[in-house]
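Q:
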Amino acid sequence: MKKQTITYEEYDRLKQWVNELPWVWQEYQRKAPDGWYEFKYQGILRQFISEEGGDQLFSQARRLRWGKRVRLPKSVYQDMKELADICLELQDVLAYPPFGSFSLTDTEKPRKEGTL
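Numbering follows UniProt numbering, with no gaps: position 70 of the sequence shown is 70.
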């Protein structure tokens with residue numbers, strides 16, 4: 001099995017997003033009125049949450065010497081990246097309902113203060 005070595009900071013960030021995923025999903029379900037589009041990853045999310053998959057992913061990570069790096073199977077790393085991306089996309093959908101800012105054109109996107 002191939003291993004992936006990442007920095008502890010990246011691992012910590014991925015772990016944080018994966019841990020936030022159940023809460024963000026519940027928030028989406030609570031705020032989503034009828035008629036919002038069906039979130040394309042909801043099957044993956046329901047399976048992940050029902051199986052409490054985060055603990056299974058995190059248990060396969062091993063800290064390397066001096067704790068600056070983490071080694072984990074490549075498949076686990078890919079799963080964590082995918083779940084983190086889903087979490088970020090879901091947060092974006094909550095911030096810009098109903099489809100998120102990724103679906104907005106440049107003219108529809110809200111501008112940050114101080115930019116044209």
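Where a beta carbon is used, it is the ideal one built from N, C-alpha and C, also for glycine. None of these values were measured; they are calculated from a predicted model.
Once DSSP output is grouped into helix, strand and coil, what is the label at L72?
A: Within the sequence shown, residue 72 is the residue found at index 72, counting from 1. Looking at L72 - three-state DSSP - the assignment turns out to be strand.
Q: If we count the other Cβ atoms within 10 Å of its Cβ and call it buried at 16 or more, is A84 buried or exposed?
A: Looking up residue 84 in the sequence shown gives position 84. Buried, by the Cβ-count rule.
Q: Considering only the alpha carbon of each residue, which of N19, K2, Q47 and K31 lies closest to V93?
A: Walking along the sequence shown from the start, residue 93 turns up at place 93. The shortest Cα separation from V93 among N19, K2, Q47 and K31 belongs to K31.
Q: Tell me whether K40 sits in a helix, a strand or coil according to DSSP, three-state version.
A: The count along the sequence shown starts at 1 and reaches residue 40 at position 40. Coil at K40, not helix or strand.
Q: Would you kindly report the start and end of the unbroken beta strand (DSSP E) that includes K31?
A: Within the sequence shown, numbered from 1, the residue matching residue 31 stands at position 31. Where K31 is concerned, there is no enclosing beta strand (DSSP E), although the alpha helix (DSSP H) it sits in stretches over Y8 to K31.
Q: For Q60, which of helix, strand or coil comes out of DSSP?
A: As a position in the sequence shown, residue 60 is number 60, starting the count at 1. DSSP places Q60 in coil when its eight states are reduced to three.
Q: Check K3 in the structure and name its three-state DSSP category.
A: Here residue 3 is taken as the residue at index 3 of the sequence shown, counted from 1. K3: strand per DSSP, three-state reduction.
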